[in-house]
Structures are given as structure tokens and as C-alpha cells.
Amino acid sequence: MILEGDICLCVNTDILNEYEEIISAKTSPEIGHNVVEAIAHLSTTIFQSTYVHFGLITEDNDDNKFVDCAIAADAKYIVSNDKHFRILETIDWPKVCVVNIKEYCETLQ
């Protein structure tokens, strides 16, 4: 159970697969797998199924898995420095707040 005010990471299998792919490419497949396993077993990780796919990001359709997961989880933020997420600032519904890493760190202080 996640209490209000706690920080949690909302993921699904597609998101974890992408994390593993990226980390493996920058390090090694073993490290990628181990990092994703650690993320999956954190008490603050929430697995969120997504049944609706909004297709809000057209420049990089692969980014939509993060948006759909955030909407399904009723997440407060998506934290990303990826420029493709900027389109979400122009969409009124469903409203998804995107902040970059620096902005998010400032909210923690």
C-alpha cells in the first residue's frame, strides 16, 4: 500500500523491458537485467496495467507506454527530459504533467 505523499514508480512490463534494453546497451545485459529486477522488487514500485492507449505522442509512438501508464495510475508527474513529452503540455484531457529531472528535484526540497 502506498500512502499519500510517498514517491513511487509506476511501471508495466513494456516499460521495464525498455529500461532493461537501454541499460544493457549502455553497460551489459547482466547489469541491465539486475537493475530491472531491483526496480521490480522495490516496495515503492507499482505495476500498472494499461487498457486504454491514448496515442498522445506522435513523434515517438514508443513513448506512449509511459503516458498510458501514468494516466492509468493517476500519477502526479511523468519525470523526463525527453522533448517528445512536451506535446502533453498542449493537451487538456487527459491532463498529464511532465517535469524534467531538475524541476522534479526542486519539488522534493
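If you use my numbering, the sequence shown corresponds to residues 25 to 133, in order. Every residue, glycine too, gets a C-beta built ideally from N, C-alpha and C.
V35 sits buried, since 16 or more C-beta atoms from the chains shown fall within 10 Å of its C-beta.
Counted as a single uninterrupted DSSP element, the beta strand (DSSP E) harbouring F71 occupies residues T69 to F71. Using a Cβ-Cβ distance cut-off of 8 Å, the stretch 74-85 and the stretch 51-62 are not in contact, since fewer than three pairs of beta carbons, one from each stretch, lie closer than that value. Counting C-beta pairs with one atom in each stretch, the stretch 97-105 and the stretch 49-56 have fewer than three that are closer than 8 Å, which means they do not touch. Uninterrupted alpha helix (DSSP H) stretches at least 4 residues long and entirely within the stretch 71-111 occur at 88-97, given in chain order. Per the C-alpha coordinates, the member of A96, K126, D116 and F90 positioned closest to F109 is F90.
Linking S67 to I47 through their CA atoms gives a straight-line distance of about 21 Å.
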